[in-house]
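Below is one structure; the comments refer to it alone.
Numbering (this note's numbering), first residue to last: -19 to 424.
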């Protein structure tokens, strides 16, 4: 309703500002933003959301439906698509008077979205118009441009701007938002070549923030509990730096997650809270108190307050999937089981628990990176006892103190020589996949 009323308000303002040119004006007695009339005529505007009641109102000229689906999460929900189609048929189409027209403008997230359903059921009644941002071979273009031509637009975007957007948003979002070509989240969602092409040799050396994310399992006998750590790099990208997922009871996974947070110097532990947010938070808080970490560890649930659980796991993972494709979310070092689960996961399948945990870690860090005016403090120095901790899944090696000292010396030598310190073998060996190594190397 809010977006519809904003557009209605803009139209009302244009009429008021240009009444001499238009030859008519808004009726001062009927000028509400959601329903206003034209003085001296029968015309007017009724604005509202798809679920707004339209009882008693008819459409004699034109009905415009703009972006009925908010995003991929809604589009991927069969129940939401059914509700939307039902509301359109029963509440909106029935309001059209003979001779009136209907225009549906939509981002094509799914093949069975509202436009897709309308074209499949009665295509002869609808005129399909598609204007991609950049004309692309195999994609319908009603402007009949040669491939590679950007659309002329008032914002001044050119071909290079669209190419930058394409590489940033990922293939599905690009196809839906800029080409008008829908897709369904079936088959493999994350490609092995994405992971290999963007893989980091080691965790970020100076992360702005580290979080440990948990997708819990209570029994310890069925699904695994996903426990994955992520680090926010200074460039705003997210690195997945540790995976200690396993079949664990609730007490065990809470303790393991806190141990990992202490080892990595993480500033927070975030747990999926769809089913038992209060209980899960209490378990982790008790584990933090029992282990007495040297740094402050905040405990929170995901998704954050105010964000509803819309769509399935594939829909909620679209941000990370796009980031895996364009390199804004990368695996650091070698986490073979995490990679295997990512590559093997298909849209119609249950999401592997470690992949679900990775989605949480990415979402939390990416949200923090995009929040304007946010100051993120690096985790405080680690206590010496982290040297003796034995935490699996931190990469292919566990550098010791000697290796860390050698890495620090190699960094100084490379800096003096003007070469890339991260390319030094000693640095790669010592820093492999562990933010703990990076923090300790700075201390030494």
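Glycine included, every Cβ here is placed at the ideal spot set by N, Cα and C.
Here the structure is a predicted model, which is why all the values come from computation and not from measurement.
Ranked by Cα distance from residue 228, the options 205, 217, 213 are led by 205. Distance from the Cα of residue 256 is smallest, within the candidate group 108, 230, -4, for 230. The three-state secondary structure of residue 213, taken from DSSP, is coil. For residue 5, the secondary structure class from DSSP, reduced to helix, strand or coil, is coil. In the same chain as residue 304, and ignoring 5 residues on each side of it, the C-beta atoms closer than 6 Å to its own belong to 170, 174, in chain order. Apart from sequence neighbours up to five positions away, the residues of its chain that approach residue 273 with a beta-carbon distance below 6 Å are 242, ordered along the chain. In the DSSP assignment, residue 16 forms a beta bridge with 11, 25.
Annotation for residue 30: 48, 67 place their beta carbon closer than 6 Å to its own, counting only its chain and skipping 5 residues before and after. In this chain, the alpha helix (DSSP H) harbouring residue 261 covers 257 to 271. Contact between residue 244 and residue 219 does not hold, since the beta-carbon distance rounds to 12 Å and is not under 8 Å. For residue 268, the number of other beta carbons within 10 angstroms of its own is at least 16, and it is reported as buried. Annotation for residue 310: the continuous beta strand (DSSP E) segment containing it runs 309 to 311. With a 10 Å radius around the Cβ and a threshold of 16 neighbouring Cβ atoms, residue 85 comes out exposed. Fewer than three pairs of CB atoms, one per stretch, sit closer than 8 Å, so the stretch 48 to 67 makes no contact with the stretch 2 to 13. Spanning the alpha carbons of residue 115 and residue 197 requires a straight line of approximately 47 Å.
Around the CB of residue 342, 16 or more other CB atoms lie within 10 Å, so the residue is classed as buried. Residue 335 places its beta carbon less than 8 Å from that of residue 322. With 16 or more other Cβ atoms inside 10 Å of its own Cβ, residue 225 counts as buried. Taking the Cα positions, residue 344 is about 44 Å away from residue 81.
For residue 247, there is no enclosing beta strand (DSSP E), as DSSP marks it with neither H nor E. The Cβ-Cβ distance between residue 293 and residue 153 does not fall below 8 Å. In the displayed model, residue 81 falls within a strand according to three-state DSSP. For residue 252, the closest of 208, 79, 102 by C-alpha to C-alpha distance is 208. Per the coordinates, the alpha-carbon of residue 64 lies some 17 Å from the alpha-carbon of residue -17. In the structure shown, the three-state DSSP call for residue 145 is helix. Taking C-beta atoms as the reference points, residue 91 and residue 8 fail to come closer than 8 Å. Each residue's CA atom was taken as its position, placing residue 184 and residue 135 some 36 Å apart. Taking residue 156 as the centre and dropping the five residues before and after it, the same chain places the C-beta of 87, 88, 89 closer than 6 Å to its C-beta, in chain order.
In the three-state DSSP reduction, residue 89 falls in the coil class, being neither helix nor strand. Assigned with DSSP and collapsed to three states, residue 42 falls in strand. Rounded to whole angstroms, residue 145 and residue 44 show a C-alpha spacing of 28 Å. Counting other Cβ atoms within 10 Å of its Cβ, residue 187 reaches 16 or more and is therefore classed as buried. For residue 280, the uninterrupted beta strand (DSSP E) segment begins and ends at 278 to 282. In the structure shown, residue 301 falls within a helical segment according to DSSP collapsed to helix, strand and coil.
Residues of the same chain with a CB within less than 8 Å of the CB of residue 18, apart from the 5 flanking positions on each side, are -5, 4, 5, 6, 7, 24 in chain order.
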